[in-house]
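Numbering (this note's numbering), first residue to last: 249 to 619. Quick notes on the structure that follows.
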Ligand SMILES: Cc1cc2nc3c(=O)[nH]c(=O)nc-3n(C[C@H](O)[C@H](O)[C@H](O)COP(=O)(O)O)c2cc1C
């Protein structure tokens, strides 16, 4: 099976894609994942009307960075006029591909008759698709769910109509809107979409590793897979899974590589948002990085580390504390301290990286003692 996917005039050089995620796939994240070899990384959803009005957070979401090998801007909207304007603006901003969000389940989005609410009215959905396709020369793609609920599974019907209008690839999250994120994504239900169209189909939902990716591809017959939450703290994951699908060994990065990745993303965040907001926006990625790392071995210790690291007020303090946290196997060799001392440390107000590490060592020992 080919590793690349053709979407209009764009070749995506891999079949493990990074999902658009609001609050996650900002430019620093997209640069980091792309730099690690991700073939496809999309922006957070960008509301067309707010983009056209120049609302700063929407303009920031659509930001395009130097060195990004591929720019996919995802649009969300409720009216054909705004979709058309959004598509034209996305093209002008430098989008290689324009993706339309017909899958977001959030009440504030569906309440505004956008996102997955469009799956309740396919005629209106098609007017929006037509408006976007007519307004840009860039390939337009669609991301959707299986349907609004289990009584109205209409992804194949929407896919078929969308392809006829000119949509060039379709991603399906194997859940209904009413499921939100509960239950299991149904990869086999995506097979009906694959059978309904000739454009590439991408299967999405609950894919974390190469084994999941292989199962999802087999169950759906899709051309590619998309990972969302599996990227939390693992911006290398799509590239690593892509390599694994091609037969290369799958390797998680070593501590030094992880540190370089996290700190690189932190620096990108500071440059993009400025120091104060950059650190704030980065904290969720930092927390995920700590929790996704295999060290310290105890999840409780990692949780404490996460909480403390996310409270630090400067990037240099984060850098020092994280370097120290991941600096080896000291946790296995620390002197065991009594629970009472650990508990006392647990209640202290820790501000400095040095103090943080003392506290983590205590917590680690507590975990060792209680194990
Ligand atoms: C925090 C968060 C934000 C998301 N934002 C978007 C979005 O902006 N656009 C979109 O199409 N889907 C969005 N999604 C849905 C994901 O792209 C993906 O379809 C879903 O998480 C299922 O994939 P996963 O199981 O690999 O996470 C979001 C999901 C999460 C968890």
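Glycine residues also receive a C-beta, built at the ideal position from the N, C-alpha and C atoms. From a predicted model like this one, the values you see are computed outputs, not experimental measurements.
Pull up the distance between the alpha-carbon of residue 212 and that of residue 366, whole angstroms please.
Any property of residue 212 remains undetermined from this structure, which presents the chain solely from 249 to 619.
Coil, strand or helix - residue 395 by DSSP
Working through the chain shown from its first residue, we reach residue 395 at position 147. Looking at residue 395 - three-state DSSP - the assignment turns out to be strand.
As assigned by DSSP and simplified to three states, the class of residue 474:
Position 226 of the chain shown, counting from 1, holds the residue named residue 474. The answer is strand: DSSP assigns residue 474 an E or B state.
Closest to residue 563 by C-alpha separation, out of 553, 511, 552, 521, would be which residue?
As a working mapping, residue 563 is identified with position 315 in the chain shown. Residue 511 is the option with its Cα nearest to residue 563.
Taking DSSP as the reference, what is the three-state secondary structure of residue 277?
Here residue 277 is taken as the residue at index 29 of the chain shown, counted from 1. Three-state result, residue 277: helix.
Between which two residues does the beta strand (DSSP E) harbouring residue 293 extend?
For the purposes of this step, residue 293 is taken as the residue at position 45 of the chain shown. Start and end: 290 to 295.
Of the choices 550, 271, 338, whose alpha-carbon is the least far from that of residue 300?
The residue labelled residue 300 in the question sits at position 52 within the chain shown. Checked all of 550, 271, 338; the closest Cα to residue 300 is 338.
Is it buried or exposed for residue 271, if we count other Cβ within 10 angstroms and need 16 for buried?
Taking the first residue of the chain shown as position 1, residue 271 is located at position 23. That one is exposed.
Check each candidate in 480, 430, 490, 342 and name the one with the smallest Cα separation from residue 385.
Looking up residue 385 in the chain shown gives position 137. Ranking the options by Cα distance to residue 385, first place goes to 342.
Checking the sheet assignment: what are the DSSP bridge partners for residue 421?
The count along the chain shown starts at 1 and reaches residue 421 at position 173. In the DSSP output, where bridge partners are listed per residue, residue 421 has 393, 452.
State yes or no: is the C-beta of residue 260 within less than 9 Å of the C-beta of residue 287?
Within the chain shown, the letter at position 12 stands for residue 260. Within the chain shown, the letter at position 39 stands for residue 287. Their beta carbons are under 9 Å apart, which means residue 260 touches residue 287 by this criterion.
Excluding the 5 residues flanking residue 583 on each side, which residues of the same chain have their C-beta closer than 6 Å to its C-beta?
Taking the first residue of the chain shown as position 1, residue 583 is located at position 335. Because the pLDDT of residue 583 is 29, which lies under 50, any placement of that residue in the model is unreliable, and the question is left without a value.
For my contact list, residue 450 and residue 417 are in at a C-beta cut-off of 8 Å; report their separation, rounded to the angstrom.
Taking the first residue of the chain shown as position 1, residue 450 is located at position 202. Taking the first residue of the chain shown as position 1, residue 417 is located at position 169. Confirmed, about 7 Å.
Classify residue 587: buried if its beta carbon has 16 or more other beta carbons within 10 angstroms, exposed otherwise.
What you label residue 587 is simply residue 339 of the chain shown in a count that begins at 1. Low per-residue confidence applies at residue 587: pLDDT is 30, beneath 50, and the placement is therefore not dependable, though the value from the model is reported in the following sentence. Residue 587 comes out exposed.
Please list the terminal residues of the continuous beta strand (DSSP E) segment that includes residue 432.
Along the chain shown, one-based indexing puts residue 432 at 184. Run containing residue 432: none; DSSP gives neither H nor E here.
For the candidate residues 538, 474, 572, whose alpha-carbon lies nearest to that of residue 448?
Here residue 448 corresponds to residue number 200 of the chain shown, with the count starting at 1. Taking only the C-alpha atoms, the option nearest residue 448 is 474.
Residue 270 (DSSP reduced to helix, strand or coil)
Here residue 270 is taken as the residue at index 22 of the chain shown, counted from 1. If DSSP states are grouped into helix, strand and coil, residue 270 belongs with coil.
Would DSSP call residue 415 helix, strand or coil?
Translated into the one-based positions of the chain shown, residue 415 becomes position 167. Coil at residue 415, not helix or strand.
So, for residue 436: in the same chain, excluding its five sequence neighbours on each side, which residues have a beta-carbon less than 6 Å away from its beta-carbon?
Walking along the chain shown from the start, residue 436 turns up at place 188. Contacts found: 467.
Could you check whether the Cβ of residue 454 sits closer than 8 Å to any heavy atom belonging to ligand 1?
Position 206 of the chain shown, counted from the first residue, corresponds to residue 454. Yes, the beta carbon of residue 454 sits closer than 8 Å to at least one heavy atom of ligand 1.
Between residue 506 and residue 541, how many whole angstroms is the CB-CB distance? I'm expecting something under 8 Å.
To locate residue 506, count along the chain shown from 1; it is residue 258. To locate residue 541, count along the chain shown from 1; it is residue 293. Sure, about 6 Å apart at Cβ, within 8 Å.
Kindly identify the DSSP beta-bridge partner or partners of residue 498.
Mapped onto the chain shown, residue 498 falls at position 250. DSSP, once it has assigned bridges, lists no residue as partnering residue 498.
Using only the alpha-carbon positions, how far apart do residue 332 and residue 523 sit?
Within the chain shown, numbered from 1, the residue matching residue 332 stands at position 84. Within the chain shown, numbered from 1, the residue matching residue 523 stands at position 275. Approximately 35 Å between the Cα atoms of the pair.
Anyone know if the C-beta pair for residue 251 and residue 548 falls short of 9 Å?
Along the chain shown, one-based indexing puts residue 251 at 3. Along the chain shown, one-based indexing puts residue 548 at 300. Taking 9 Å as the Cβ cut-off, residue 251 and residue 548 do not qualify as a contacting pair.
Option nearest residue 688 by Cα separation, candidates 423, 429, 293
Past the edges of the chain, shown from 249 to 619, lies residue 688, and the structure says nothing about it.
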